[in-house]
Amino acid sequence: MHEIENVDVETDLIEENEKEAKEINDFLGKNNIRSIDIVGAIGSGKTSLIEEFSCSFDNVGAIVGDVAGEDDYNRLVENDVPTVNLNTGKECHLDAHLVKHALSDLPIEEIDYLFFENVGNLVCPADFMLGADERWIVVSVTEGDDVVNKHPIIFKNSDVTVINKIDLAEAIGADLEKMVEDAREINPDMDVIKTSIKTGEGLDRLKIIVE
Ligand SMILES: Nc1nc2c(ncn2[C@@H]2O[C@H](COP(=O)(O)OP(=O)(O)OP(=O)(O)O)[C@@H](O)[C@H]2O)c(=O)[nH]1
Ligand SMILES: [Mg+2]
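In my numbering, the protein residues as written are 4 to 214.
Spelled out as structure tokens, the structure:
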């Protein structure tokens with residue numbers, strides 16, 4: 004006879020992840036590094052945002068996650084950003100264990116601002132915090148103006164919402180204010196900032212939050 008035992012694998016994984024995330028946050032704090040975990044849909048503007056910050060702030064570093072390839076890594080290295088590339092294969096999010104290892108490949112003493120770019124999607128990264136000071140979620144108007152409402156968990160677990168590509172809102176008929184209201188309703192404590200990385204609109208407000 005086989006005995007049936009319930010093992011709550013997901014809870015164990017998340018608890019283990021929380022422990023390592025706390026270690027990361029302690030480590031970065033001791034090294035006076037301000038850290039931001041950027042999550043968001045594919046193509047919403049995550050790497051573009053890190054590129055912007057690397058032009059505005061000294062000593063930016065990054066850890067970038069994608070299922071495959073070195074595209075984002077190459078873009079950031081071209082901008083002189085010390086970067087570690089993490090390919091997750093079939094996994095659809097970064098986790099604290101991966102990030103902890105990646106930290107040992109960065110010149111920590113040369114970094115004041117560290118950005119994590121999570122794998123692009125609005126579902127898998129939701130429960131896996133990476134130990135950053137803040138989590139920002141970047142969505143763009145081209146994903147549809149119901150994208151916020153459809154993904155409440157990740158907005159609940161974030162500190163700042165960036166609604167990007169507002170330069171395209173009119174062209175695609177997106178209701179920008181609906182997106183803002185949805186985000187505020189899901190998480191009333193969250194800053195919600197509308198941006199266009201293309202025109203520069205809204206970026207000053209984000210830079211103030213980074214500082
Ligand atoms: N029109 C417009 N295009 C933008 C804006 N921000 C980013 N883009 C473009 O959108 C595309 C995707 O931007 P990325 O920064 O690569 O997006 P990402 O979120 O890093 O994408 P993944 O890493 O693949 O998930 C690029 O071609 C950018 O130039 C914006 O505000 N307006
Ligand atoms: Mg990217």
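Even for Gly, the Cβ is constructed at its ideal location relative to N, Cα and C.
Quick caveat, the model's predicted, so the values are computed rather than measured.
Which term fits residue i, buried or exposed, when burial requires 16 or more other beta carbons within 10 angstroms of its beta carbon?
i    : result
D61  : exposed
I211 : exposed
N88  : buried
V165 : buried
K49  : buried
I39  : buried
I157 : buried
H96  : buried
D185 : buried
N77  : exposed
Given 8 Å as the limit, tell me if residue i has its C-beta closer than that to any heavy atom belonging to ligand 1.
i    : result
K197 : no
L179 : no
T202 : yes
G92  : no
A105 : no
G43  : yes
L52  : yes
Return the residue from the list the options that minimises the CA-CA distance to residue i.
i    : options                   : result
L101 : E26, R187 and E184        : E26
E81  : I53, S107, L89 and A105   : I53
N160 : V150, D178, D148 and D192 : D192
S51  : I175, D162, K168 and I114 : K168
S57  : G46, T86, V42 and L31     : T86
V195 : M182, G203, L16 and K201  : M182
G64  : L106, L97, A99 and I189   : L106
E188 : P155, I66, I17 and Y76    : P155
E173 : I36, E184, T145 and V163  : T145
G134 : A24, D15 and K153         : A24
L209 : E137, E184, D178 and I175 : E137
I175 : S143, L79 and F30         : S143
N90  : K103, R78, E73 and N77    : E73
L179 : D148, D29, D108 and K153  : D148
L117 : E18, N152, A177 and N28   : N28
Do residue i and ligand 2 come close, with the Cβ less than 8 Å from some heavy atom?
i    : result
D75  : yes
V67  : yes
K168 : no
K49  : yes
G123 : yes
E120 : yes
Less than 6 Å between C-beta atoms, sequence neighbours within five positions excluded: which residues of the same chain meet that for residue i?
i    : result
I111 : N34
V42  : N121, P128 and I140
S199 : I169 and D170
K197 : I166, I169 and G205
V84  : S57, V63 and A65
N20  : D98, A99 and F131
T202 : D170
Does ligand 3 have even one heavy atom less than 8 Å from the beta-carbon of residue i?
i    : result
S143 : The model on display carries ligand 1 and ligand 2 but not ligand 3.
Enumerate in chain order the residues of its own chain whose CB-to-CB distance from residue i is below 8 Å, with the five nearest sequence positions on each side excluded.
i    : result
E94  : V70, V122 and C127
D115 : N35, I36, R37, F60, D61, N62 and V63
N124 : A44, I45, C95 and H96
E113 : N62, G64 and P85
For residue i, which residues from the same chain have a beta carbon less than 7 Å from its beta carbon, with the 5 sequence-adjacent residues on both sides left out?
i   : result
D75 : T50, V67, D69 and E120
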